[in-house]
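Take a look at the structure set out below.
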Amino acid sequence: MAFTLPTLPYPADSLEAAIDKATMEIHHGKHHKAYVDNLNAALEGQAALQGKPIEQLLRDISAVAEGIRQKVINNGGGHANHTMFWEIMSPQGGGEPTGTLAEAIQSTFGDFAAFKGKIKESGLGRFGSGWAWLVAQHGKLSIVSTANQDSPYMSGQTPLLGVDVWEHAYYLRYQNRRADYLEAWWKVVNWNEVAKRFAAAQGK
Ligand code: MN
Numbered sequence: 217m218a219f220t221l222p223t224l225p226y227p228a229d230s231l232e233a234a235i236d237k238a239t240m241e242i243h244h245g246k247h248h249k250a251y252v253d254n255l256n257a258a259l260e261g262q263a264a265l266q267g268k269p270i271e272q273l274l275r276d277i278s279a280v281a282e283g284i285r286q287k288v289i290n291n292g293g294g295h296a297n298h299t300m301f302w303e304i305m306s307p308q309g310g311g312e313p314t315g316t317l318a319e320a321i322q323s324t325f326g327d328f329a330a331f332k333g334k335i336k337e338s339g340l341g342r343f344g345s346g347w348a349w350l351v352a353q354h355g356k357l358s359i360v361s362t363a364n365q366d367s368p369y370m371s372g373q374t375p376l377l378g379v380d381v382w383e384h385a386y387y388l389r390y391q392n393r394r395a396d397y398l399e400a401w402w403k404v405v406n407w408n409e410v411a412k413r414f415a416a417a418q419g420k
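The opening residue of the sequence shown carries number 217 in our numbering; numbering runs sequentially from there.
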């Protein structure tokens, strides 16, 4: 079965507090769509791989034949990363996490402000294109950065929150000001969704 482009969970103009409508439309309708199309093209004739959920395909990346592996990393990673990115944002987002996620962030990073600072540092420190992530592994939280569309799943980590720092994610409104984009982005983070991912990652 072919992978498909998920519908945005909200209108493209509803994250204006952080991201403009044109960026959302191009990012979802052109960039993400291209990752899905190119992933399907790479997996043509590979029935066993086509049937895997995207998370499993990336966790088992060494099972992908070498000839197409980099295409699957780039485009399968692109599909997984963006699917998550849309889901962990919301027009009703912002504020702070609560409950066990808030406690885990506090005990790992000191406090919420320190956590946000580390994500910003990670996003700014990524030279060129990539992502900054909050990930879980063996019950522990950490912040990592990946290049291009590399997915934390390929390193055995479970992404809980990820911010896209490719220029296509922010350039129309913020131009070269990646730091301003990273600051504004917190206004649309959907902490309920991040908490759900944190709960599901227990035991992984
Ligand atoms: Mn992107």
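Ideal placement from N, C-alpha and C gives every residue a C-beta, glycine not left out. Note that the coordinates shown come from a computational prediction; the quantities given were computed from them, not determined experimentally.
- Using beta-carbon positions only, say whether residue 407 and residue 313 come within less than 8 Å of one another. yes
- Task: Under 8 Å Cβ to Cβ from residue 179, same chain only, skipping five residues before and after it: list those, please.
- Result: This structure does not reach residue 179, given that the chain is present from 217 up to 420, and the question cannot be answered.
- Does DSSP classify residue 346 as helix, strand or coil? strand
- Message: Going by DSSP in three states, residue 235 sits in which element: helix, strand or coil?
- Response: For residue 235, the three-state secondary structure derived from DSSP is coil.
- Message: For the ligand MN, I want to know if residue 228 counts as a neighbour, meaning its beta carbon is within less than 7 Å of at least one of the ligand's heavy atoms.
- Response: no
- Item | Of the residues 321, 323, 319, 380, the one placed nearest residue 340, counting alpha carbons only | 380
- Closest residue to residue 389 among 224, 319, 232 (Cα-Cα distance): 232
- Task: Count the CB pairs spanning the region 288-297 and the region 351-367 that are closer than 8 Å, and state whether there are at least three.
- Result: yes
- Message: Looking at the ligand MN, does it come within less than 7 Å of residue 295, judged from the CB to the closest heavy atom?
- Response: no
- Message: Nearest by alpha-carbon distance to residue 361: which of 355, 249, 344 is it?
- Response: 344
- Short check: CB of residue 287 to CB of residue 254, under 8 Å? Closer than 8 Å, so yes.
- Query: Which full runs of the alpha helix (DSSP H) of 4+ residues lie inside the region 222-305, going along the chain?
  - Reply: Unbroken alpha helix (DSSP H) stretches of 4 residues or longer found wholly inside the region 222-305: 237-242, 249-258, 263-266, 270-275, 282-303, given in chain order.
- Identify whether residue 322 lies in helix, strand or coil by the three-state DSSP scheme. Note: residue 322 maps to helix in three-state DSSP.
- Query: For the ligand MN, is there a heavy atom less than 7 Å away from the beta-carbon of residue 382?
  - Reply: At least one heavy atom of the ligand MN lies closer than 7 Å to the C-beta of residue 382.
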